[in-house]
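Novice:
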Amino acid sequence: AATKLASAEKLMYFCTDQLGLEQDFEQKQMPDGKLPVDGFLLCVDVSRGMNRNFDEQLKFVSNLYNQLAKTKKPVVVVLTKCDEGVERYIRDAHAFALGKKNLQVVETSARSNVNVDLAFSTLVQLVDKSRGKAKIIPYFEALKQQSQQIAAAKDKYEWLVSRIVKSHHELWPNVSRKMQTAPEYQDYVYLEGTQKAKKLFLQHVQRLKQEHIERRRKVYLALLPQALDALVPDLDEIDHLSRAKAEKLLEAKPDFLKWFVVLEETPWDATSHVDNVDNERIPFDLLETPAAEQLYEAHLEKLRNERKRAEMRRAFRENLETSPFVTPGKPWEEARSFIMNEDFYLWLEESVYMDIYGKHQKQLIDKAKEDFQELLLEYSELFYELELDAKPSKEKMGVIQEVLGEEQRFKALQKLQAERDALILKHIHFVYHPTKETCPSCAACVDARVEQLLGSRFIRHHRNNPALDSNIDRINLVILGKDGLARELANEIRALCTNDDKYVIEGKMYELALRPIEGNVRLPVNAFQTPTFQPHGCLCLYNSKESLSYVVESIEKSRESTVGRRDGHLAQLPLTLILVNKRGGGDAGGETLQSLIQQGQQIASKLQCVFLDPASAGIGYGRNINEKQIGQVLKGLLDAKRNLNLVVGSTPGLKDASDGADLRVVMCLMCGDPVSADEVLLPILQAQPCRPAPGGGAAV
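So the number in the working numbering is just where the residue sits in the sequence shown, counting from 1, plus 23.
1) Contact between the region 103 to 117 and the region 61 to 73: three or more CB pairs below 8 Å?
2) Hey, could you find the ends of the alpha helix (DSSP H) Pro313 is sitting in?
3) Would you call Gln384 buried or exposed, if buried means 16 or more other Cβ atoms sit within 10 Å of its Cβ?
4) Roughly how far, in whole angstroms, is the beta-carbon of Asp308 from the beta-carbon of Pro290, given that I think they are within contact range, below 8 Å?
5) Quick one: is Met35 buried, meaning 16 or more other Cβ sit within 10 Å of its Cβ, or exposed?
6) Could you have a look at Thr553 and say whether DSSP puts it in helix, strand or coil?
7) Of the residues Ser190, Gln218, Ala471, which one's Cα is nearest the Cα of Glu234?
8) Let me know the alpha helix (DSSP H) ranges lying completely inside the region 363 to 419, each 4 residues or longer, listed in chain order.
9) Take Trp370 and list the residues in its own chain whose beta-carbon comes closer than 7 Å to its own, dropping the five residues that flank it on each side.
10) Taking C-alpha atoms, which residue in Thr555, Glu130, Tyr180 lies nearest to Phe163?
11) Considering only C-alpha positions, which residue in the set Pro597, Gln621, Thr94, Ser628 is nearest to Asp662?
12) Within 10 Å of its beta-carbon, does Glu324 have 16 or more other beta-carbons around it, so buried, or fewer, so exposed?
13) So, helix, strand or coil for Asp178, using DSSP?
14) Is Ile653 close to chain C? Criterion is C-beta to C-beta, closer than 8 Å.
15) Taking the alpha carbon of Lys95 as the reference point, which residue from Lys33, Ala31, Ala24 has its own alpha carbon closest?
16) Report buried or exposed for Phe48, applying the criterion of at least 16 other Cβ atoms within 10 angstroms of its Cβ.
17) Return the first residue and the last residue of the alpha helix (DSSP H) that Met202 is part of.
18) Where Gly560 and Gln622 are concerned, what is the direct C-alpha to C-alpha distance, given to the nearest angstrom?
19) Hey, which unbroken runs of the beta strand (DSSP E) at 3 residues or more fall wholly within the region 257 to 282?
20) Grab me the residues of Glu541's own chain with a C-beta within less than 6 Å of its C-beta, minus the 5 sequence neighbours each way, in chain order.
21) For the alpha helix (DSSP H) that contains Ile447, what are its first and last residues?
22) Helix, strand or coil for Leu102? Go by DSSP, reduced to three states.
23) How would you call Ala116, buried or exposed, if buried means at least 16 neighbouring beta carbons within 10 angstroms?
24) Indicate whether Leu399 and Ile362 have their beta-carbon atoms separated by less than 8 Å.
25) DSSP state of Phe634, grouped into three classes?
26) The alpha helix (DSSP H) with Leu251 in it runs from where to where?
27) Mapping the DSSP letters down to three states, classify Gln127 as helix, strand or coil.
28) Would you decide whether Trp182 is buried or exposed? Buried here means 16 or more other CB atoms lie within 10 Å of its CB.
29) In chain order, what residues of the same chain lie with their CB nearer than 7 Å to the CB of Glu215, ignoring the 5 residues before and after it?
30) Secondary structure at Asn499, three-state DSSP: helix, strand or coil?
31) By DSSP, does Cys465 sit in helix, in strand, or in coil?
32) Is the region 43 to 63 touching the region 25 to 32, taking contact as three or more C-beta pairs under 8 Å?
33) Does the beta-carbon of Pro256 have 16 or more other beta-carbons within 10 angstroms, so that it is buried, or is it exposed?
34) If we ignore side chains and look at the alpha-carbon of each, how far apart do Thr26 and Ile159 end up?
35) Would Val633 pass as a contact of Thr585 if the rule is Cβ separation under 8 Å?
36) Check the C-beta distance from Ile528 over to Leu635 and give it rounded, since I have them as a contact under 8 Å.
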């Protein structure tokens, strides 16, 4: 109860816990001389203490207050530990204060930091009357306000942490330094302390780590079905294996390490592998997790279903082959009720069966047409008395159909009468105009086979001469057209090719390389010629005035690029200008079909190239060029290529045709030996334009 204290050079302690740890806290010394005391905080512990009688404690407080009252200094009663306070103790303490004159009571909790500032500010107001009187708030009301204040400060601090901390590798010392000046950090630390701020930081980091692990888990699980498809695609291999044996089987696969990694430590999410984002191989111990086990079971089920679907497709094909109700040309709607059963519908969509049925129908129709063609050959006498123009009358067609009508091969095409009549007319045309093109044997025609044989004999004989044999079985084709025209035609041509990009011309397979160009040809990416692509021809496509202008400009730029170069190949590149369909049909911008044809003919004359339009193709405007046109264009390019290659190499004793002398010796295409020009080959060779041989050799 002393009002003057003297403790010079003594340290001021706020808490006895600081004793022995002075260096860890801010050090302040008591002022020199006597220190006057202006007021007192009379603290009363209202918690339930061990071996402590509150009534005795209150007597002590009463005696102490009497001593303080004698000093005439302000006194404030502070009830401490109200967070653990006993209601009776608090009530008795208030009753004690009411018995004193103007003795104010403040309920506090230092642990919860509730009303601590209020206790000191209340005493300060009593010392300094000029200050505003502090409003004393009961503990529970203050605790509610404090909780709201802490919750708001916590939200702001968590927002600050989430904005600054983006990686689960961040450390508290570095992050706390970054946040030191942020008001969100300062307010929360003031209310809750540094340790709680650190705890929230660690929770955020742990959450980031779990999110990272979950992302990696999803990546691995998404990759697992692909790995299983690649390593164990055969159901018979794994169908009856236990999980342990299946894992051993996976480890024995040659490509196991391409998909999986076996870690020295487990589990995988506690190792450094989880942070190695460049290595997407699946940790092998992940297979032990429930999610991976479900994916493995799903893989097994998928293989079983695929096998069942394959069995259904096979059973359906067998049903088609044995069913007497499936005849050439019969629509799916008519045949469905005879060939479908409930099991088929359980496993596959109807569209799948329709596709199989369509392919089977094509085989039936092709076989029926082939048999019918044989039937026509067997009844050759029916076609001897026709007029030379091969246009039979209705009466004659009726006679033909009456004679053939009893034949099963005729009846097989009963649902395809139009195609059957077309085959009869085609056969009549062949009888009076027998050519390779009209031959019913198509690619098997003897004339076509002879030409193919001669060409192959010539190629084999000159295999040691690269100049004569370079890329003879390959056609490199540039397709030029803007606004998607080049890509669309390239896709159509590829659809006509085999799976390995082979195209059949006159019964022979050729490798077809397409280079669609739709941009500036002066750029390397759009160049006609590259180190690995030597063009043999170019299809120039247009469907408007703008696209035609682009073709002309591109050809001129390409030819300009070859001026002064030793290889003038692009200058003589065979060109074909083609008018194709307009998207959506109809005229665009007032351009009519006739005007586009006239413009195309003029440009073709200027470029000295072939021009194709819808009328010359026998097709209507609004459709792209058909397969026959494509075959004709490719055949023309192939012939031009052969004309460049079919030259006589420099042979001792032969004069060079370039000096104007008559060429008297040529090379036999059958055996490669020189033969007299007066023999049978001379008229054939004279039908072709004379071309100089590469490297200064003799000309054909």
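In this text, a Cβ means the ideal position worked out from N, Cα and C, and glycines have one as well.
Specialist: So, to answer that:
1) yes
2) 313 to 345
3) buried
4) 6 Å
5) exposed
6) strand
7) Ser190
8) 365 to 370, 373 to 401
9) Lys331, Arg332, Met335
10) Glu130
11) Pro597
12) exposed
13) helix
14) This model lacks chain C altogether; it includes just one protein chain.
15) Ala24
16) exposed
17) 195 to 202
18) 22 Å
19) none
20) Lys505, Ala509
21) 440 to 455
22) strand
23) buried
24) no
25) strand
26) 217 to 254
27) strand
28) exposed
29) Ile173
30) strand
31) helix
32) yes
33) exposed
34) 26 Å
35) no
36) Incorrect: roughly 17 Å between the Cβ atoms, too far for contact.
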